[in-house]
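To start, the structure itself, in structure tokens.
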Amino acid sequence: MAEHFTICPKCHRVLSNPVQLDCFHVFCGNCVHTLEKIDGSVRCNVCKSQTDFPLTKPDKFVSSFIEVLSKSRSMRDTCYMYGEMSRAPGCIKQSAYHCLECEQSFCHKCVSSHCEGKNHDEKGVVLFADALELAFQKRKQVEEMCADHQVPVTQFCMQCHQLACITCGIVDHKGHWVVSTEVALKHLTSDIQKCSRNVSGFHKATHLPRKSTLLYLREEKQRCETEINEIFEEVNKLIESMKCHYKQKLEKSHSSLLEILKNEEQYASSLCLSAHQACAKLHLVNKYGTDVEMLAAYKHLNQSPLMRAIENEKIISLPKFILSDRDELLRRLQSTFEALNIKTIQVKGDFTQQILRKFENSEIESKLNCEYL
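Quick note: the sequence shown uses this note's numbering, first residue 30, plus one each step.
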């Protein structure tokens, strides 16, 4: 999960001056300028969604997250005193402890003499394996400062859904319901959990139905073709040419519907990538971020195009091809041949589960060949 917020999807290197797009994908500050630009927007090369340009707000959480990881990578797993004349008797190469004050690593033999010689507090010496987790805990204690008043951001306006410092709360949110970030987080926990559930379940609830509809459309086309073949086999060679005619009508109807459904699925696919990234961001901020960062992440998610798409999700209609007056056609043959027609109706309902029961989940993508995706 962490690699989504440490490696730039453009240059494939560790993020530098990270900037987050509206789709929640993060790029280097320089790389974002190299993305494809369309009508004043930049196009994400991961999910193809667009974000207004220029972008000026850096992703502070990701930046500090990478900074902590970078420090952890610089920690040596070899005892600092190994090979030195002043090493403790019995010094071994493998370090077991890390001193947070001098940021050096020591084996279990040298760590005591180091604390005595440097007059360090033993509380500042931790197990080597715990150093990274403590570094993340330490970053949570760093207060975010208000850009306007240079004081800590400690409040949240429940009406405007805005983070605020004490001065902002008095001046910009006078008369509003302003509470501490801790209290706000408690009030909004259920909303944040709901957002998390929505984005984590986006693939199953929205994207998968689009993909399964494409599969159903193909099978519906095949079913209708079979029905057409049965009719024309009964009337034999006399109407062979007319059979081709109606197949062409079917193909035209299918192509028209296919284009619409492909566009809907591609849009859902784009949002699905955004949902996955947003879910990962929420989990990451929840584990390693501050209350302020969690509220900021929630606000960004709650106001994003992704959430608007989830809230405005419409019931999906199921395409169905209908051959009208089939029996009448067989009775009257060529004289009533024009009565045969191909119609498409939209059937509403929970058809996704029916399709999933028919096919294994893994089969859906394998059955959708390159003609459809």
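In this text, a Cβ means the ideal position worked out from N, Cα and C, and glycines have one as well.
No experiment lies behind these values; they were computed from the predicted model shown.
Exercise for the section: Evaluate the contact criterion for the region 272-290 versus the region 54-65: three or more CB pairs, one atom per stretch, below 8 angstroms. Expected result: Taking a contact to require three or more Cβ pairs closer than 8 angstroms, the region 272-290 and the region 54-65 do not qualify as touching.
Practice task
Classify T319 as buried or exposed, calling it buried when 16 or more other Cβ atoms lie within 10 Å of its own Cβ.
Solution key: Buried is the label assigned to T319, since at least 16 other Cβ atoms lie within 10 Å of its Cβ.
Exercise for the section: Work out the CA separation of L244 and L313 for me, nearest whole Å. Expected result: Their backbone Cα atoms lie some 35 angstroms apart in a straight line.
Problem - Assigned secondary structure, A193 (DSSP; H/G/I helix, E/B strand, else coil) - result: Reduced to three states, the DSSP call for A193 is strand.
Practice task
Return no unless some Cβ of chain D is closer than 7 angstroms to the Cβ of D220.
Solution key: This model lacks chain D altogether; it includes just one protein chain.
Practice task
State the Cα-Cα distance for the pair V91 and I345, rounded to the nearest angstrom.
Solution key: The alpha-carbon separation between V91 and I345 amounts to approximately 37 angstroms.
Handout entry: Host alpha helix (DSSP H) of Y126 (start-end)
Key = No alpha helix (DSSP H) contains Y126, which is instead part of the beta strand (DSSP E) from 126-128.
Exercise for the section: Determine which residues share a DSSP beta bridge with C186 and list them. Expected result: BP columns for C186 point to Q191, V207.
Practice task
Return the bridge partner residues of K350 from the DSSP annotation.
Solution key: Reading the sequence as shown, one finds Phe at residue 350 and not Lys. Per DSSP, T373.
Exercise for the section: Would you tell me roughly how many angstroms separate the C-alpha atoms of G69 and T63, rounded to the nearest one? Expected result: Computed Cα separation, rounded: 13 angstroms.
Exercise for the section: Return the residue from the list F135, L192, K343 that minimises the CA-CA distance to A176. Expected result: When each option's Cα is compared against that of A176, the closest is L192.
Handout entry: Endpoints, beta strand (DSSP E) assigned at A66
Key = Sequence inspection shows Lys at residue 66; the Ala mentioned does not correspond to that position. Per DSSP, K66 belongs to the beta strand (DSSP E) from 65-67.
Exercise for the section: Confirm, please, whether the CB-CB distance from K316 to A326 is below 7 angstroms. Expected result: Note that the C-beta distance between A326 and K316 is not below 7 angstroms.
Problem - Alpha-carbon to alpha-carbon, N292 and D356 - result: C-alpha of D356 to C-alpha of N292: approximately 37 angstroms in a straight line.
Practice task
Can you tell me which of H137, D354, L129, S241 puts its alpha carbon nearest to the alpha carbon of M110?
Solution key: Per the Cα distances, H137.
Exercise for the section: Could you pull the start and end residues of the beta strand (DSSP E) that R72 belongs to? Expected result: Here the beta strand (DSSP E) through R72 covers 70-72.
Problem - Terminal residues of the beta strand (DSSP E) in which V155 lies - result: Boundaries of the beta strand (DSSP E) around V155: 154-156.
Practice task
Quick one: grab the DSSP three-state call for D81.
Solution key: The answer is strand: DSSP assigns D81 an E or B state.
Practice task
Locate the beta strand (DSSP E) running through F135, then write down its first and last residues.
Solution key: Start and end: 133-135.
Practice task
Quick one: using the 10 Å Cβ neighbour count with 16 as the cut-off for buried, is N227 buried or exposed?
Solution key: By the neighbour-count rule (16 or more Cβ atoms within 10 Å), N227 is buried.
Exercise for the section: Enumerate in chain order the residues of its own chain whose CB-to-CB distance from S299 is below 6 angstroms, with the five nearest sequence positions on each side excluded. Expected result: If we look at S299 and ignore the five residues flanking it on each side, its Cβ neighbours are C76, K77, S78.
Practice task
Determine the burial state of T218: buried for a count of at least 16 other Cβ atoms within 10 Å of its Cβ, exposed for fewer.
Solution key: A residue is called buried once 16 or more other Cβ atoms fall within 10 Å of its Cβ, and T218, having fewer, is exposed.
Problem - Where the alpha helix (DSSP H) through F261 begins and ends - result: In the DSSP assignment, F261 falls within the unbroken alpha helix (DSSP H) covering 237-263.
Practice task
Can you check DSSP and say which residues form a bridge with I36?
Solution key: DSSP output for I36 lists V43 as bridge partner(s).
Exercise for the section: Could you please give me the residues that DSSP links to M174 through a beta bridge? Expected result: According to DSSP, M174 bridges with P181.
Handout entry: Cβ-Cβ distance between S124 and C108 below 7 angstroms
Key = One thing to note: S124 has its Cβ within 7 angstroms of the Cβ of C108.
Practice task
Check the C-beta distance from K240 over to I257 and give it rounded, since I have them as a contact under 8 angstroms.
Solution key: The C-beta distance from K240 to I257 rounds to 26 angstroms, too long to fall under 8 angstroms, and the pair is not in contact.
Exercise for the section: Out of Q277, I260, L290, point me to the one whose CA is closest to D354's CA. Expected result: When only C-alpha atoms are compared, the closest one is I260.
Exercise for the section: Determine the closest residue to V212 out of M323, C224, P83, R247, with distance taken between C-alpha atoms. Expected result: Looking at M323, C224, P83, R247, the one whose alpha-carbon comes closest to that of V212 is M323.
Practice task
In the DSSP assignment, find the alpha helix (DSSP H) that holds K328 and state where it starts and stops.
Solution key: Residue range 320-331 is occupied by the alpha helix (DSSP H) that includes K328.
Exercise for the section: Using the DSSP secondary-structure output, state which residues sit across from P87 in a beta bridge. Expected result: Partner(s): V48.
Exercise for the section: Can you tell me which of the three DSSP states S75 falls into? Expected result: With the sequence shown as reference, residue 75 is identified as Val, and Ser is not the correct amino acid for it. V75: coil per DSSP, three-state reduction.
Problem - Whole-angstrom C-beta distance between C189 and H205, which should lie under 8 angstroms - result: The beta-carbon distance between H205 and C189, rounded to whole angstroms, is 7 angstroms. This is short enough to meet the 8 angstroms contact definition.
Practice task
Using DSSP bridges, identify the partner residues of T107.
Solution key: In the DSSP assignment, the residues bridged to T107 are Q123.
Practice task
State the DSSP-derived secondary structure class of F56, mapped to helix, strand or coil.
Solution key: In this structure, F56 counts as strand in the three-state DSSP scheme.
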